[in-house]
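Counted the way the numbering used here counts, the sequence shown spans residues 40 to 383.
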Amino acid sequence: MFRLLLFSLLLQAGPATPGEEVEDRLPLEETLSAKDWQKYQRETRYRNKIKIVRSGLEKKQKELDSRLGQRKLAAIYRTLAEIRGLAHHAAVLSSEESNPKELQHKEVKRLEIRLRKLSEHLEDQKLLVPYENRFHFENTTEIVEELRDQLLRQLFGQALGAPRDEERPPGSFNLAPRVGPATSTSSQRRGLWDLEKFTEEEFTEIQYKQELVKRVEAFLQIAEVRLKEIDRRRTGKEWEEEEPNPLEFFTYEDMLFGYMNAINGVMSSIDDQYESRRAEEKDVKKSLKKLKEKLEEFQPQLESLADLVREQRDEALYDQYMAALKASEVAYKGASYGLERLSD
Numbered sequence: 040m041f042r043l044l045l046f047s048l049l050l051q052a053g054p055a056t057p058g059e060e061v062e063d064r065l066p067l068e069e070t071l072s073a074k075d076w077q078k079y080q081r082e083t084r085y086r087n088k089i090k091i092v093r094s095g096l097e098k099k100q101k102e103l104d105s106r107l108g109q110r111k112l113a114a115i116y117r118t119l120a121e122i123r124g125l126a127h128h129a130a131v132l133s134s135e136e137s138n139p140k141e142l143q144h145k146e147v148k149r150l151e152i153r154l155r156k157l158s159e160h161l162e163d164q165k166l167l168v169p170y171e172n173r174f175h176f177e178n179t180t181e182i183v184e185e186l187r188d189q190l191l192r193q194l195f196g197q198a199l200g201a202p203r204d205e206e207r208p209p210g211s212f213n214l215a216p217r218v219g220p221a222t223s224t225s226s227q228r229r230g231l232w233d234l235e236k237f238t239e240e241e242f243t244e245i246q247y248k249q250e251l252v253k254r255v256e257a258f259l260q261i262a263e264v265r266l267k268e269i270d271r272r273r274t275g276k277e278w279e280e281e282e283p284n285p286l287e288f289f290t291y292e293d294m295l296f297g298y299m300n301a302i303n304g305v306m307s308s309i310d311d312q313y314e315s316r317r318a319e320e321k322d323v324k325k326s327l328k329k330l331k332e333k334l335e336e337f338q339p340q341l342e343s344l345a346d347l348v349r350e351q352r353d354e355a356l357y358d359q360y361m362a363a364l365k366a367s368e369v370a371y372k373g374a375s376y377g378l379e380r381l382s383d
């Protein structure tokens, strides 16, 4: 706290003059060192290029700290433009890459972690400059977060209910067709957790639970808490927990959408790990069994909401309710089929 206050006082030198303004983002050759730029040009693999970009971001973050200490606003804003340039280039690289093994390589995860730390760092650092100049930091944070969202889609998109364009290979369980309407109504950029109608904490937990059984349990917990919250509101019960209700501002439609995405996430996770042979057969069986058992609890609870949905006289809510029912039906049939197949 005291460090922030000290720097804030030191940096009251006023906004940058017009001559000190820098471009929105700088090209890669002006951002990387000469050595890194030459190395980058020699590389042909996506993973290696991403590694160089990550290293560049790490250097720029340290450079930004130094610039803040020197109280050189123009240099600070140029460094931010260089960070935006690196993030933009990584986004272009990712959109042009088509090899799934490259897109889901461990270097991508390392870059995503670096971006998360950088985003948090930028939020702290913007407090060190005059208020009228903080948009430089805010614009940089937005671009960094957009790239991070893109990388998360690469790494976890299918398991978060993203649409699938490719045909499934022969022999797969085919558990996870995308079931349900898209309900993104805001033109503002939002976090992926909001788009999926999860809480940020739920989304983070899913990211880091890569072991199949634990991942499936996390998704099923998300589905279960939404059904419980809908029932709590329907019956007029008070929230009795000490912690604030994480779903307090979620509508019925939001919760049914999140429920559907959680069920789709379970199906996609099982399919993906079965196809890639990343999970042992016993874990696949255990996951299918958990899914089937939970759906036997969920389906009657969903069906009991029919009167509530009709009373709301909301067409979008009705459509989402029917999509949630369909997702449960598809998942139950898929789990039953998968268990029979593995038994055979």
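A virtual CB, placed ideally from N, CA and C, is assigned to each residue, including glycine.
Exercise for review: Starting from the Cα of Q246, find the closest Cα among Y170, P285, E319, R155 and give me that residue.
Suggested key: Looking at the Cα atoms, R155 is the closest of the given residues.
Check your understanding: Around the Cβ of E282, are there at least 16 other Cβ atoms within 10 angstroms (buried) or fewer (exposed)?
Key -> exposed
Practice item. Could you spell out the range, first to last residue, of the alpha helix (DSSP H) harbouring Y371? Key: 354 to 382
Practice item. Compute the Euclidean distance between the alpha carbons of R380 and L330, then round it to the nearest angstrom. Key: In this structure, the alpha-carbon of R380 lies about 16 Å from that of L330.
Exercise for review: On a CA-only basis, which of L364, F176, V131 is nearest P339? Give me that one, please.
Suggested key: Answer by Cα proximity: L364.
Exercise for review: Express the C-alpha separation of E151 and S343 in angstroms, rounding to a whole number.
Suggested key: 41 Å
Point to revise | CA-to-CA distance, K372 to R265, given in whole angstroms | key: 22 Å
Check your understanding: Just to confirm, are E239 and A257 a CB contact at a threshold of 8 Å?
Key -> Taking the C-beta atoms as reference points, A257 is found no nearer than 8 Å to E239.
Point to revise | 8 Å contact criterion, which D8 and A120 should meet: CB distance rounded | key: Nothing about residue 8 can be reported from this structure: the residues present for the chain run from 40 to 383 only.
Review point. If you drop the 5 nearest sequence neighbours on each side, which residues of the same chain put their C-beta closer than 8 Å to that of S94?
Key: These residues qualify, in order along the chain: D75.
Check your understanding: So, using beta-carbon positions, are Q359 and E292 closer together than 8 Å?
Key -> Against a cut-off of 8 Å, the Cβ pair of E292 and Q359 comes out as a contact.
Check your understanding: Start and end of the alpha helix (DSSP H) containing L259?
Key -> For L259, the enclosing alpha helix (DSSP H) stretches over residues 251 to 274.
Check your understanding: Roughly how many angstroms separate the alpha carbons of K253 and K325, rounded to a whole number?
Key -> 11 Å
Review point. So K333 and L259 are in contact, right, with Cβ under 8 Å, and what is the actual spacing, rounded?
Key: 5 Å
**Study point:** Alpha-carbon spacing of R84 relative to E354, whole angstroms
**Key:** One alpha carbon belongs to R84, the other to E354, and they sit about 49 Å apart.
Review point. So, is A318 buried or exposed, given that buried needs 16 or more other C-beta atoms within 10 angstroms?
Key: The residue is buried, with at least 16 neighbouring Cβ atoms inside 10 Å.
**Study point:** Short Cβ contact (8 Å threshold) for N392 with A366
**Key:** Absent from the model: residue 392. The displayed extent of the chain is 40 to 383, so no value can be given.
Practice item. Below 8 Å CB to CB, which residues in the same chain sit around L132 once its five sequence neighbours on both sides are set aside? Key: Y85, K88, I89, V92
Practice item. Give the range of the alpha helix (DSSP H) segment to which N300 is assigned. Key: Element bounds for N300: 291 to 315.
Check your understanding: Taking A362 as the reference, which of V348, N178, L71 has the closest Cα?
Key -> Cα-wise, what sits closest to A362 is V348.
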